[in-house]
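Chemist: So that you can map any letter, position 91 of the sequence shown is 99 in the numbering used here, and since no number is skipped, the others follow by simple counting.
The C-beta atom is built at its ideal place from N, Cα and C for all residues, glycine as well.
Predicted model only: the values in this text are computed from it and were never measured.
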Amino acid sequence: MFSKISHTSYPPSSKPLMIWDGDCGFCHYWIIRWWIMSGDAIEYQKYQLAHKKVPDISITQYREAVRLVLPDGSVYSGPDAAYKAFELAGKYPFLTKWYSKGGWFMQLSDWGYQKVADYRYQLFQLTKRLFGKNPRSPKSHWVSYLLALLTLLLGFGVLLIYAFNYL
Numbered sequence: 009m010f011s012k013i014s015h016t017s018y019p020p021s022s023k024p025l026m027i028w029d030g031d032c033g034f035c036h037y038w039i040i041r042w043w044i045m046s047g048d049a050i051e052y053q054k055y056q057l058a059h060k061k062v063p064d065i066s067i068t069q070y071r072e073a074v075r076l077v078l079p080d081g082s083v084y085s086g087p088d089a090a091y092k093a094f095e096l097a098g099k100y101p102f103l104t105k106w107y108s109k110g111g112w113f114m115q116l117s118d119w120g121y122q123k124v125a126d127y128r129y130q131l132f133q134l135t136k137r138l139f140g141k142n143p144r145s146p147k148s149h150w151v152s153y154l155l156a157l158l159t160l161l162l163g164f165g166v167l168l169i170y171a172f173n174y175l
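Encoded structure:
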């Protein structure tokens, strides 16, 4: 499980800084999507460069999870960083509130984030299949897959009804 960090002594001076693993294709894809969503509200930087700006977070901790560092020194980690980024972009502010209350939502978010981290290579392949290779102009391939799945399920259902009626 990733470690949670509450504060740094080296905050960014002007705007929040999202620090992510530059060696992770999945991370890169979704950081681009977040950047498009948040515009100039958040600065994004690979930990391979940012660890010099915020040296009191270890390389190991940067590898574990994405970190969002605010100008007041607050640090958000993993899903909490994602939810706070959404909030800063003016989207889904309730997610940060739900997460900060603890309980089942925090546990589920942390568990899900860890599973994504554990299988990020496979999920990157799935992401490219569902949304295309270019995160700047995602495609709706997932709609085709969903329609194909629904067609198969519907066909299987019709086949079962037919089989049970004629047995």
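Of all the options L154, R75 and W106, which has the alpha carbon lying nearest to the alpha carbon of C262?
Modeler: Summary: the structure shown does not reach residue 262, with the chain confined to residues 9 through 175, and so no result is reported for it.
Chemist: Rounding to the nearest angstrom, what Cα-Cα distance links P146 and Y129 in this structure?
Modeler: When rounded, the distance between both Cα atoms is 19 Å.
Chemist: Going by DSSP in three states, K54 sits in which element: helix, strand or coil?
Modeler: The answer is strand: DSSP assigns K54 an E or B state.
Chemist: Please classify T16 as buried or exposed, where buried requires at least 16 other C-beta atoms within 10 Å of its C-beta.
Modeler: Counting Cβ neighbours within 10 Å, T16 comes out buried, since at least 16 surround it.
Chemist: Hey, could you find the ends of the beta strand (DSSP E) V83 is sitting in?
Modeler: Here the beta strand (DSSP E) through V83 covers V83 to S85.
Chemist: Pick helix, strand or coil for V74, following the three-state DSSP scheme.
Modeler: It is coil, neither helix nor strand.
Chemist: State yes or no: is the C-beta of A97 within less than 8 Å of the C-beta of M26?
Modeler: No.
Chemist: So M45 is in the alpha helix (DSSP H); what residue range does that whole segment cover?
Modeler: G33 to S46 is the span of the alpha helix (DSSP H), which, as asked, contains M45.
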